[in-house]
Amino acid sequence: MIIDHLDEPLPGSSLLPTPTGDAYTDPDIFEKEQAEIFEKMWNCVLRSDSLPSPGHWKTVTVGREEIIVVRSRREGIKAYFNVCAHRGMRVCTAGEGKNKTLQCGYHAWTYALEGDLVAAPNLTSMPDVDRKQYGLKPVHVREWLGYVWVCLAEEPPNFEREVLGEVRTRFGEVESIDNYGIEHLRLGDTKTYDVAANWKLIIENFMECYHCATIHPELTEVIPEFADGLASQRKNGEVHGSSFGEEIQGFTVDGSASGVHQLPAIAPDQDRKYYAITVKPQVFINTVPDHVIIHRMFPVSESRTIVECDWLFLPEVVDKITSGELDVSKSVELFHRVNLQDFNACELTQPSMRSKAYSSGGALVPSEHHIQEFHAWWYRTLGFEQVAAAQQETEKAAV
Amino acid sequence: MIIDHLDEPLPGSSLLPTPTGDAYTDPDIFEKEQAEIFEKMWNCVLRSDSLPSPGHWKTVTVGREEIIVVRSRREGIKAYFNVCAHRGMRVCTAGEGKNKTLQCGYHAWTYALEGDLVAAPNLTSMPDVDRKQYGLKPVHVREWLGYVWVCLAEEPPNFEREVLGEVRTRFGEVESIDNYGIEHLRLGDTKTYDVAANWKLIIENFMECYHCATIHPELTEVIPEFADGLASQRKNGEVHGSSFGEEIQGFTVDGSASGVHQLPAIAPDQDRKYYAITVKPQVFINTVPDHVIIHRMFPVSESRTIVECDWLFLPEVVDKITSGELDVSKSVELFHRVNLQDFNACELTQPSMRSKAYSSGGALVPSEHHIQEFHAWWYRTLGFEQVAAAQQETEKAAV
Amino acid sequence: MIIDHLDEPLPGSSLLPTPTGDAYTDPDIFEKEQAEIFEKMWNCVLRSDSLPSPGHWKTVTVGREEIIVVRSRREGIKAYFNVCAHRGMRVCTAGEGKNKTLQCGYHAWTYALEGDLVAAPNLTSMPDVDRKQYGLKPVHVREWLGYVWVCLAEEPPNFEREVLGEVRTRFGEVESIDNYGIEHLRLGDTKTYDVAANWKLIIENFMECYHCATIHPELTEVIPEFADGLASQRKNGEVHGSSFGEEIQGFTVDGSASGVHQLPAIAPDQDRKYYAITVKPQVFINTVPDHVIIHRMFPVSESRTIVECDWLFLPEVVDKITSGELDVSKSVELFHRVNLQDFNACELTQPSMRSKAYSSGGALVPSEHHIQEFHAWWYRTLGFEQVAAAQQETEKAAV
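Protein chains in written order, with this note's numbering: chain A, 8 to 406; chain B, 8 to 406; chain C, 8 to 406.
1. What does the alpha-carbon distance come out to for the pair C/S100 and C/K198?
2. With H, G and I counted as helix, E and B as strand and the rest as coil, what does DSSP make of A/A104?
3. In the DSSP assignment, find the unbroken alpha helix (DSSP H) run with A/Y31 in it and report its ends.
4. For A/K280, name the three-state secondary structure that DSSP assigns.
5. Would A/E309 pass as an interface residue toward chain B - the criterion being a Cβ-Cβ separation below 9 Å?
6. How would you list, in chain order, the residues of chain C whose beta-carbon sits under 7 Å from the beta-carbon of B/M360?
7. Taking the beta carbon of B/T32 as the centre, do at least 16 other beta carbons fall within 10 Å, making it buried, or is it exposed?
8. For the stretch 157-176 of chain A, enumerate the residues whose C-beta is nearer than 9 Å to any C-beta of chain C, in chain order.
9. So what does B/Q110 bridge to, in DSSP terms?
10. B/E72 by DSSP, collapsed to three states: which one?
11. Pull the bridge partners of A/R193 from the DSSP assignment, please.
12. At least one CB of chain C closer than 9 Å to the CB of A/E73: is that the case?
13. Alpha carbon to alpha carbon, what distance is there between C/S374 and C/N212?
14. Under a CB-based cut-off of 9 Å, is B/P407 close to chain C?
15. Closer than 8 Å: is that where the CB of A/I210 sits relative to any heavy atom of the ligand NAP?
16. Between A/V77, A/I75, A/P26, which lies nearest to B/R94 when the distance is taken from Cα to Cα?
17. Can you pull the chain B neighbours of C/G112, defined as C-beta to C-beta under 9 Å?
18. Anything in chain B within Cβ reach of C/M48, meaning under 9 Å, just list it in chain order.
19. What are the boundary residues of the beta strand (DSSP E) that B/L53 is part of?
20. Measuring straight from C-alpha to C-alpha, what distance separates B/G369 and C/D35?
21. Kindly give me the distance between the Cβ atoms of B/A364 and C/V90, rounded to whole angstroms, as I take these residues to be in contact under 8 Å.
22. Please work out which residues of its chain come closer than 6 Å, Cβ to Cβ, to B/D3, disregarding the five sequence neighbours upstream and downstream, and give them in chain order.
23. Buried or exposed: B/E167, going by 16 or more other Cβ atoms within 10 Å of its Cβ?
24. Since C/I313 contacts C/I301 with CB under 8 Å, what's their CB separation in whole angstroms?
25. Considering only residues of the same chain and omitting the five flanking positions on each side of C/G244, which have a CB-CB separation below 8 Å?
26. Alpha helix (DSSP H) containing C/K337: first to last residue?
27. In angstroms, rounded to a whole number, what distance separates the CA positions of A/Y281 and A/G70?
28. Kindly say whether B/K85, judged by its beta-carbon, lies nearer than 9 Å to any beta-carbon of chain A.
29. Identify the residues that DSSP records as bridge partners of A/D201: which are they?
30. I need the boundaries of the beta strand (DSSP E) containing A/P134, first residue and last residue.
31. Considering only C-alpha positions, which residue in the set A/G390, A/T356, A/S362, A/R387 is nearest to B/C111?
32. Run down chain A in chain order and give the residues with a C-beta less than 8 Å from the C-beta of B/Y141.
33. Would you identify the three-state DSSP class for B/M360, choosing helix, strand or coil?
34. For a quick check, are the C-beta atoms of A/R78 and A/G62 less than 9 Å apart?
35. Have a look at the DSSP bridge pairing and note the partners of A/P409.
36. For C/P306, tell me which candidate among C/L23, C/L22, C/Q41 has the shortest Cα-Cα distance.
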């Protein structure tokens with residue numbers, strides 16, 4: 008449902024081709040995606056404030072790896088493969104905890120929060136053991152928007168260009184995402200969805216609004232232009248968000264007022280607008296005047312994806328939610344329903360991807376044409392350019 | 008237990024070879040069977056009268072595909088791949104229903120019962136979209152014996168020759184299957200079995216009666232000649248069915264009278280006889296004087312097969328069953344027990360197919376020799392003739 | 008925790024390399040292990056006294072095969088593939104039983120306890136069927152230490168050299184394992200563990216005591232030298248067992264007296280000692296003065312292993328356990344806890360074997376160096392010598 012960078016549909020266009028079904032069902036292609044996409048790009052994994060003080064750690068899954076994310080004493084947030092350098096046991100064996108050091112429970116190899124090996128039985132009699140070489144294997148870390156982002160590649164892609172730059176560009180120069188002050192917001196609610204569908208179906212779903220009229224009655228009530236299937240951020244060459252309907256008082260499940268203060272620094276024309284961005288490969292950001300919704304995807308297999316969705320509010324709002332003074336359930340309920348509606352559609356699409364009837368792919372209508380850019384990126388990233396070119400030739404010849 | 012086309016055992020014969028165990032356990036061979044057998048041949052999928060009026064539809068699995076079978080308004084029963092031509096979502100998302108059109112729940116692409124695309128959001132602004140090309144992908148349909156048969160091949164095999172002709176020939180000229188008027192019968196009872204065995208073990212089991220004395224006490228009581236392992240349809244060159252025992256009053260679990268009228272048009276010598284036919288690849292037909300039993304197999308994996316068994320009676324009998332006036336449970340119970348006994352044997356055979364001790368196959372006794380014809384057909388259909396020839400040479404040399 | 012044949016660690020040594028993670032996670036390597044190790048070597052499968060009289064049989068799993076072990080009438084204990092020579096059904100369909108013959112439940116082919124085909128329906132009309140050729144396929148059998156050992160290879164390795172010889176050599180000439188009279192002991196208790204780890208992780212764990220201080224508080228209390236990580240059987244070139252602590256009265260969970268008589272024939276210096284041997288590929292033998300503990304491993308997949316552990320006592324002790332006169336739960340509890348602690352460590356190691364951080368393996372400390380001999384044997388047995396040599400070169404170059 009999130010629209011990436013949509014232009015007007017081409018006049019009088021034909022339908023456009025999609026990848027063939029095996030892109031969504033072949034375990035080998037999924038392994039390649041894990042290796043070339045999720046284990047090489049920046050992944051948004053958890054909230055920085057969920058590690059409040061030195062020694063706090065959590066384990067997260069990135070690609071096919073389990074990663075320890077820990078607030079260190081001297082070097083801020085650090086991340087490591089959760090594999091002891093000695094015999095390989097999981098060093099952290101729970102989802103989270105707080106410790107002065109990270110100690111493996113098998114042979115008591117002990118690591119500083121900053122990663123070096125600092126103690127082990129008989130270590131003094133093995134003076135030639137390099138404490139850094141036999142430390143925990145580190146992973147690149149960045150913090151942005153209040154989240155920890157990690158990259159498992161030895162040489163990570165440039166964060167400023169690949170993540171920050173792209174997002175700011177899409178929001179345009181004036182109505183910058185910075186106005187929303189997302190890094191200062193706090194967690195009002197969070198929900199986890201276990202979706203029986205390939206991660207690309209979820210991205211494609213977020214990228215188009217041709218389905219909105221059919222499956223999102225509440226959302227199209229709040230933002231009437233979605234009912235036309237054109238959830239555009241650019242119209243006639245101009246950047247814009249999608250406007251609330253005239254009678255709508257807030258971004259809530261019934262369009263009533265949310266009771267929540269608007270974010271202080273947003274521009275006048277962000278006042279009654281909805282913006283949406285996809286940060287490839289696994290983040291969706293939605294902004295409305297009084298809160299921000301962030302989705303993170305964690306692909307598990309070619310046919311299963313975990314999605315975590317956070318609803319972020321101003322700190323004073325979260326305080327009131329916690330004290331029971333304020334109820335934001337009508338705000339949360341709107342996108343929660345959208346999520347359930349979308350993921351249900353993805354789950355009913357996944358099984359057909361195996362069908363002979365989808366063996367040459369499906370079709371994109373003109374208002375879905377920007378999904379083709381996502382497909383082109385996917386082909387390029389996996390080294391399938393020639394396949395893609397050949398396929399498009401075939402499709403053109405067939406049309 | 009069903010005997011296909013059995014001649015007398017060869018006098019003084021040796022044991023005969025069978026395929027090696029991988030034929031029953033290799034997932035790649037199973038995929039080939041799905042592609043070359045179940046997705047190319049005619050499959051009997053459901054009863055025609057389970058779709059009583061236009062708009063009634065059901066979904067069924069054929070090979071690896073989910074198929075919609077629907078009674079259309081103008082063209083009788085039709086069948087389609089359950090895949091939307093747009094983005095591929097399942098068009099029908101339940102097991103059955105009744106609708107005026109078939110509408111995909113994702114983007115509201117809407118198809119006539121006859122298959123063409125008739126509506127979609129913004130379709131009028133896409134005048135170049137061919138309503139037939141972007142209709143539901145059709146599947147060949149035939150009706151026979153009161154059942155819907157479908158074929159997923161682009162060019163289906165000749166139904167008259169491959170299905171009708173073969174069955175009539177086996178029943179012989181006089182004692183034709185037509186006498187049973189199966190297409191006019193109705194469903195008295197139905198049972199579904201989830202069998203942890205390869206579909207070929209189930210066919211082979213139905214094709215021989217060498218096991219009858221060991222596992223079917225009730226059946227051999229009713230039909231004593233089965234105890235000799237020779238459930239033949241041809242004897243001394245003559246067509247014949249297997250006769251009931253002298254004291255037997257009906258084809259019931261205890262041999263007592265069934266209380267059901269005999270089918271009106273059967274020939275005098277079909278009066279106390281049991282006939283059985285295998286229609287490759289997935290149908291078994293058994294006839295007795297007062298009812299007909301039809302099995303349909305749906306292979307799920309190399310080691311799992313769903314079997315559906317229907318008991319068919321005259322319409323007036325079914326009316327009395329429904330009203331509670333008549334109890335046919337003793338008739339149904341006989342073949343239900345036979346099914347349970349057979350499927351248990353198949354399930355205890357399946358695991359051994361992986362054993363080194365079965366790596367050069369098993370042995371057929373003389374009275375099982377007609378199973379070899381099934382094996383020869385299987386080798387031929389999968390393009391394994393040379394393998395089969397070489398194997399038989401090896402076996403002969405070894406013997 | 009069992010130490011195979013440990014010498015003192017090399018002075019001033021570096022860490023040593025281990026196999027890479029795929030050795031523990033690749034299903035193809037596991038299939039190769041089943042074929043080349045478990046289906047070719049001698050496996051200890053069950054206690055001889057669990058088949059007390061002719062006709063008693065049990066089924067066991069060896070490698071990927073199900074085997075019938077039966078006490079015959081004329082030839083002692085025999086073992087067969089559990090596959091009928093006719094159509095392959097499991098001949099024995101339960102875990103154990105007692106019968107005069109072994110009869111297949113499908114077509115009633117009937118085998119003598121000594122294996123030959125002795126009866127089948129219509130067998131007299133098939134005079135050319137060789138009763139031995141169509142008998143049950145036999146498996147080699149030996150009895151030792153009160154256990155039945157089987158080997159599935161056509162030509163089994165020499166039992167005296169590969170099993171007996173190796174064990175006696177390790178125990179040394181004087182303090183022979185024969186002193187324990189294991190073949191006369193009886194079963195006091197038995198426990199089965201379903202471990203979610205590769206079988207090699209379990210062997211490696213048994214082979215080193217570097218982990219003892221960290222995870223085995225009860226065991227290091229009883230045998231204090233284990234806390235140093237050196238559970239050696241050879242020290243300064245001399246054979247020795249590991250001594251109980253000075254205050255320790257018995258090999259029990261709290262070091263108190265066990266209340267059990269010492270085995271009668273053990274040598275004076277075996278009096279307060281613990282010995283441990285690994286009999287590759289699947290047996291661990293531990294001896295203490297008053298009982299013997301025997302583990303048998305049954306690998307199920309690359310990431311799952313069943314372990315059965317028996318506690319053996321003198322017959323008169325077992326009689327008292329049975330009558331309730333004697334409670335040996337404190338003796339049993341010690342190694343049961345050790346097992347739970349070890350298997351937990353293995354299960355927390357298994358998932359990391361897939362990590363990129365373990366893609367060039369882990370490290371052995373000097374006191375674990377004898378595990379390298381196990382790895383060298385494994386490389387050799389699977390035909391990976393060149394791989395191993397190349398890997399060691401690479402590792403050396405890297406260090």
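C-beta: ideal position from N, C-alpha, C; glycine also.
Taking the coordinates as given:
1. Looking up residue 100 of chain C in the third sequence gives position 93. Looking up residue 198 of chain C in the third sequence gives position 191. Reading off the sequence shown, one finds Thr at residue 100 of chain C, where the question assumed Ser. Taking the straight line joining both Cα atoms gives about 24 Å.
2. In the first sequence, the residue the question calls residue 104 of chain A occupies position 97. A small correction: the amino acid at residue 104 of chain A is Gly; Ala does not occupy that position in the sequence shown. Judged by DSSP in its simplified three-state form, A/G104 adopts strand.
3. As a first step, residue 31 of chain A must be located in the first sequence, where it is residue number 24. 29-32 is the extent of the alpha helix (DSSP H) around A/Y31.
4. Looking up residue 280 of chain A in the first sequence gives position 273. The answer is strand: DSSP assigns A/K280 an E or B state.
5. As a working note, residue 309 of chain A is residue 302 in the first sequence. No, because no Cβ of chain B sits closer than 9 Å to the Cβ of A/E309.
6. Taking the second sequence and counting its residues from 1, one reaches residue 360 of chain B at position 353. Those within 7 Å of B/M360 in chain C are G95.
7. Here residue 32 of chain B refers to the residue found at position 25 when the second sequence is read from its first residue. The residue is buried, with at least 16 neighbouring Cβ atoms inside 10 Å.
8. Within the stretch 157-176 of chain A, the qualifying residues are L159.
9. Here the question's residue 110 of chain B lines up with position 103 in the second sequence. B/T117.
10. Your numbering for residue 72 of chain B matches position 65 in the second sequence. Note: B/E72 maps to strand in three-state DSSP.
11. Position 186 of the first sequence holds residue 193 of chain A. A/F320, per the DSSP bridge assignment.
12. By 1-based counting over the first sequence, the position of residue 73 of chain A is 66. A/E73 counts as touching chain C.
13. As a first step, residue 212 of chain C is located in the third sequence; it is residue number 205 there, counting from the start. As a first step, residue 374 of chain C is located in the third sequence; it is residue number 367 there, counting from the start. A straight-line Cα-Cα distance of about 13 Å links C/N212 and C/S374.
14. As shown, chain B starts at 8 and ends at 406. That puts residue 407 of chain B outside it, with no answer to give.
15. The ligand content of the structure shown is nil, which means the ligand NAP is not present either.
16. Here residue 94 of chain B refers to the residue found at position 87 when the second sequence is read from its first residue. When only C-alpha atoms are compared, the closest one is A/P26.
17. The sequence position of residue 112 of chain C within the third sequence is 105, counting from 1. The contact set of C/G112 on chain B, defined by CB atoms closer than 9 Å, consists of T221, I222, N351, A352, L355 in chain order.
18. To locate residue 48 of chain C, count along the third sequence from 1; it is residue 41. By Cβ distance, chain B contributes nothing, its closest Cβ being about 15 Å from C/M48, past 9 Å.
19. Working through the second sequence from its first residue, we reach residue 53 of chain B at position 46. Note, B/L53: beta strand (DSSP E), 50-54.
20. On the second sequence, residue 369 of chain B is found 362 positions in, with the first residue counted as 1. On the third sequence, residue 35 of chain C is found 28 positions in, with the first residue counted as 1. Going from the Cα of B/G369 to the Cα of C/D35 covers about 27 Å.
21. Along the second sequence, one-based indexing puts residue 364 of chain B at 357. Along the third sequence, one-based indexing puts residue 90 of chain C at 83. Right, their Cβ atoms sit about 4 Å apart.
22. Because chain B in this structure spans residues 8 to 406, residue 3 of chain B falls outside the shown range and cannot be described.
23. The residue labelled residue 167 of chain B in the question sits at position 160 within the second sequence. Exposed is the call here.
24. Here residue 313 of chain C corresponds to residue number 306 of the third sequence, with the count starting at 1. Here residue 301 of chain C corresponds to residue number 294 of the third sequence, with the count starting at 1. The C-beta separation of C/I313 from C/I301 comes to about 15 Å, leaving the pair out of contact by the 8 Å criterion.
25. Locating residue 244 of chain C in the third sequence gives position 237, counting from the first residue. Unreliable placement is indicated for C/G244, whose pLDDT of 49 sits below 50; no coordinate value is reported for it.
26. In the third sequence, the residue the question calls residue 337 of chain C occupies position 330. Secondary structure note for C/K337: its alpha helix (DSSP H) is the uninterrupted segment 336-356.
27. Numbered from its first residue, the first sequence carries residue 281 of chain A at position 274. Numbered from its first residue, the first sequence carries residue 70 of chain A at position 63. Cα to Cα, A/Y281 sits roughly 31 Å from A/G70.
28. Stepping through the second sequence from its first residue, residue 85 of chain B is reached at position 78. For B/K85, no Cβ of chain A is located within less than 9 Å of the residue's own Cβ.
29. The sequence position of residue 201 of chain A within the first sequence is 194, counting from 1. Beta-bridge annotation (DSSP): A/D201 is paired with A/I313.
30. Against the first sequence, residue 134 of chain A aligns to sequence position 127. Segment: none, A/P134 is in no beta strand (DSSP E) and carries neither H nor E.
31. Mapped onto the second sequence, residue 111 of chain B falls at position 104. Taking only the C-alpha atoms, the option nearest B/C111 is A/T356.
32. For this step, residue 141 of chain B is matched to residue 134 along the second sequence. At a beta-carbon threshold of 8 Å, the residues of chain A lying near B/Y141 are L22, A370, ordered along the chain.
33. Taking the first residue of the second sequence as position 1, residue 360 of chain B is located at position 353. B/M360 falls in the helix class under three-state DSSP.
34. In the first sequence, counting from the first residue as 1, residue 78 of chain A sits at position 71. In the first sequence, counting from the first residue as 1, residue 62 of chain A sits at position 55. Against a cut-off of 9 Å, the Cβ pair of A/G62 and A/R78 comes out as a contact.
35. Summary: the structure shown does not reach residue 409 of chain A, with chain A confined to residues 8 through 406, and so no result is reported for it.
36. The sequence position of residue 306 of chain C within the third sequence is 299, counting from 1. The shortest C-alpha separation from C/P306 is found at C/Q41.
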